[in-house]
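Data first, discussion second: the structure below is written as structure tokens.
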Amino acid sequence: MRQKEQLRIICPNGHLGFACTKEESFYIGAETKPDYYCCDSGSDDIGPVPLGNDTCVSPRNWQVHDLELMLLAARKQNVPMIIGSSGDTGTNSRVDSYVEIIQELATKHRLKPFKLVYFYSELEKAFLIEKMDNGFAIEGLDGRDNLTMEELDATSRIVAVAGVHPFIKALEWGADVIIGGRSSDAAVFAAPALYHGFSEGLSYYMGKVLECASFCAEPYGAKESVIGTITNQDVKVTAMHPDQSCTIASVAGHAMYERSNPYYEAFAGGTLDMRECKYEQFDKKTTRITGPKFIPIDGKIKVKLEGSGFVGERYVGIVGVRDPYTIEHIDQVIEWARSQAKQQLKGQDYQLYYHIYGKNAVMGNLEPIKEIKSHELGIVVESLANTKELAKEAAIIGSRQIFYARLPEVKGTAGTAAFLFDEVLPVSPAFRWTLNHTIEVDDAMDLFDLYETIISA
Amino acid sequence: MKNKKLYELAKSVRSKNAGVDRITFDVIFNEKKNYELVKKSKVLSKQSVADLFGIDESQISDFVEFDPAFAIKFTIQREKPSGSFGDGDIFGCQQYPPLLDLVVKVE
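Chains as they are written, first to last, in the numbering used here: chain A, 1 to 457; chain B, 1001 to 1107.
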């Protein structure tokens, strides 16, 4: 524990690698010599496929770009760099990938040796099976039932979401660079603040406000850097880009961003209570916040679990419709296509989903506008089946039969669909979120294994 | 009696995933006046939102009037988790537009 009077942390990107960090504001921030360079590199926003499939949604060279910016600045200044939820999902392979990138960058830039500490967040299904066999309840979040053996069985990959604990431990080990598995976005920033003795309320709040970088500033502009400053009395957040400011409105607005409740946020170990938060415009680009409190959990620490399960193979067909009569009768057209698929694939197990752009592809059943007003429709046909062969066949029939639809009054008797491609397109398999649950642990470090290595050129 | 649409009164209207099972909506105003006006009008309420989206009120997990940000926020349960087969909006960030045209009496 190194008690400080003030700590300054730069956050250059809300999701490292997902879209490149903007360099101008980053360099402006680096010039001010922050004490820590921190960034979160993952999210459950990106859907269940990357976790289930163990893949990235971000190109590796974008990840390299963003890690390189931070690593060079942090090493030059000789201050720590912390990355959470590596590689979009924080799975073990993604942690290994980021460690590999750090090594490559150290070699490329002939950096002096430094200590890298990394941790893994993946959980084996066997671990949870044993817990459940011993009567442990794995509680569901957001209205889900407790975990059942069936749902666990259907799961392909599980990560535990780390809180501050593995990061603090890594700092205690003297880490210069920390590469974390799946972790809470705010924890990446709260951890160094807690390590240096600042209060839990202010530390967790600072984590919350910093983790999306310039999303807490206005006017809207992502991937720009912000700097958070914490003292024993307050947190201040400052936008680095010349055209952006952290205003009371933008910061208070961010406190409720992508969360159900603007007053409370749960972390492994307790809840952040923001009911007494006061916001003040400190200077043109900085807002000052006082008043957040942290309520430690009464009982064992609960760690969030995310899990994704394989559902089936998919193919996609893309078809356009321009004839107004066909558009008016599109439901009939889809029915025809479905019936043809049923006939052709009699007895086989597949599904077809029609995303109709121009009708309700974006909102589905939530769409209040029931009448189609567009002169054109874009139809994306998505198939699902146990094998690639069947998924492909279903997608072909499902798309091609739109072309062959039999509408009695149609003028366009040469075909009722505009094919964009003469083929259906392979796409990653379908997965679904099987776990959005919590597990009680005796020790916050129980689920996260920490390793250290020296990186030298 | 003069009417305005919500998009004319609000600074920001947005939606985003709040975890994988829920979508949260924020209607944010520039200053107190329009915020209080819309709050009082009850144009945004659990009932009106449920009617607008054609869902049951029980599907609305949270409804908050957040004074520090002059914002009204509500959260709905997704029909199926984000990115499930058939989901058309993985991030949940294009579900807010029906709110834009809600009519509010301003005088």
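A virtual CB, placed ideally from N, CA and C, is assigned to each residue, including glycine. This one's a predicted model, so the numbers in the text were calculated from it and none came from an experiment.
Item: Can you tell me which of A:Asp35, A:Cys56, A:Leu123 puts its alpha carbon nearest to the alpha carbon of glycine 42 of chain A?; Value: A:Cys56
Item: Less than 6 Å between C-beta atoms, sequence neighbours within five positions excluded: which residues of the same chain meet that for aspartate 442 of chain A?; Value: none
Item: Taking proline 48 of chain A as the query, report the chain B residues whose CB atoms sit under 9 Å from its CB, ordered along the chain.; Value: Val1020, Pro1081, Ser1082, Gly1083, Ser1084
Item: At a Cβ cut of 8 Å, what residues of the stretch 257-268 of chain A count as close to chain B, listed as they run along the chain?; Value: Tyr257, Glu258, Arg259, Ser260, Asn261, Pro262, Tyr263
Item: Can you name the residues that DSSP bridges to lysine 116 of chain A?; Value: Sequence inspection shows leucine at residue 116 of chain A; the lysine mentioned does not correspond to that position. A:Val177, A:Thr453, per the DSSP bridge assignment.
Item: Taking C-alpha atoms, which residue in A:Pro324, A:Asn386, A:Gly87, A:Leu128 lies nearest to isoleucine 179 of chain A?; Value: A:Gly87
Item: Could you name the residues of the same chain whose beta carbon sits closer than 6 Å to that of alanine 239 of chain A, not counting the 5 residues immediately before and after it, in chain order?; Value: Ala217, Val226, Ser245, Cys246, Lys285
Item: If you draw a straight line from the alpha carbon of aspartate 449 of chain A to that of glycine 307 of chain A, how long is it in whole angstroms?; Value: 19 Å
Item: Just checking, does the stretch 193-206 of chain A make contact with the stretch 272-287 of chain A on the three C-beta pairs under 8 Å criterion?; Value: yes
Item: Between A:Ala268, A:Ser250, A:Asp243, A:Ile102, which has its C-alpha nearest serine 25 of chain A's C-alpha?; Value: A:Asp243
Item: May I ask you to verify whether the stretch 1074-1087 of chain B touches the stretch 1037-1055 of chain B, counting CB pairs closer than 8 Å and requiring at least 3?; Value: yes
Item: State the Cα-Cα distance for the pair proline 262 of chain A and cysteine 38 of chain A, rounded to the nearest angstrom.; Value: 24 Å
Item: Please list the partners that alanine 1071 of chain B has in chain A, where partner means a Cβ-to-Cβ separation under 7 Å.; Value: Gly253, Met256
Item: Counting only Cβ pairs nearer than 8 Å, list the residues of chain A close to aspartate 1062 of chain B.; Value: Ser260, Asn261
Item: Under 8 Å, CB to CB, which of the residues in the stretch 138-154 of chain A have a partner in chain B?; Value: Leu141, Asp142, Gly143, Arg144
Item: Could you list which residues in chain A have their beta carbon closer than 8 Å to that of phenylalanine 1053 of chain B, in chain order?; Value: Leu366, Pro368
Item: Using a C-beta cutoff of 8 Å, does histidine 437 of chain A count as contacting chain B?; Value: no
Item: Of the choices A:Ala187, A:Ser456, A:Val380, whose alpha-carbon is the least far from that of valine 427 of chain A?; Value: A:Val380
Item: Going by DSSP, name the residue or residues bridged to proline 296 of chain A.; Value: A:Gly270
Item: Which whole-angstrom value is the C-beta distance of serine 85 of chain A and serine 183 of chain A, which I expect to be below 8 Å?; Value: 5 Å
Item: Is the stretch 402-414 of chain A touching the stretch 364-373 of chain A, taking contact as three or more C-beta pairs under 8 Å?; Value: no
Item: Return the CA-CA distance between lysine 304 of chain A and alanine 1018 of chain B, expressed in angstroms with no decimal places.; Value: 14 Å
Item: Against arginine 94 of chain A, what residues of chain B qualify as contacts under a CB-to-CB distance less than 8 Å, listed in chain order?; Value: Within 8 Å Cβ-Cβ: nothing; arginine 94 of chain A doesn't reach chain B, min ~18 Å.
Item: To the nearest angstrom, how far is the alpha carbon of glutamate 151 of chain A from that of threonine 434 of chain A?; Value: 6 Å
Item: For lysine 1039 of chain B, which residues in chain A fall below 8 Å Cβ to Cβ?; Value: What lysine 1039 of chain B touches in chain A: nothing, since even the nearest Cβ is about 15 Å away.
Item: If I measure Cβ to Cβ from glycine 1002 of chain B and keep anything under 7 Å in the same chain, skipping five residues before and after, which residues do I get?; Value: The sequence given here places lysine at residue 1002 of chain B; glycine does not occur at that position. If we look at lysine 1002 of chain B and ignore the five residues flanking it on each side, its Cβ neighbours are Val1106, Glu1107.
Item: Is it buried or exposed for serine 456 of chain A, if we count other Cβ within 10 angstroms and need 16 for buried?; Value: exposed
Item: Reducing DSSP to helix, strand and coil, say where glutamate 150 of chain A ends up.; Value: helix
Item: Tell whether a beta-carbon distance below 8 Å holds between glutamate 5 of chain A and threonine 229 of chain A.; Value: no
Item: Kindly give me the distance between the Cβ atoms of aspartate 1062 of chain B and serine 260 of chain A, rounded to whole angstroms, as I take these residues to be in contact under 8 Å.; Value: 5 Å
Item: Hey, does lysine 1032 of chain B have any beta-carbon neighbour from chain A nearer than 8 Å?; Value: no
Item: Say whether chain A places a C-beta atom closer than 8 Å to the C-beta of lysine 1016 of chain B.; Value: yes
Item: Taking 8 Å as the threshold (C-beta atoms), are glutamate 313 of chain A and alanine 385 of chain A in contact?; Value: yes
Item: In the DSSP assignment, what residue or residues form a beta bridge with glutamine 351 of chain A?; Value: A:Leu384
Item: Does the beta carbon of glutamine 351 of chain A come closer than 8 Å to any beta carbon on chain B?; Value: yes
Item: Return no unless some Cβ of chain B is closer than 8 Å to the Cβ of arginine 2 of chain A.; Value: no
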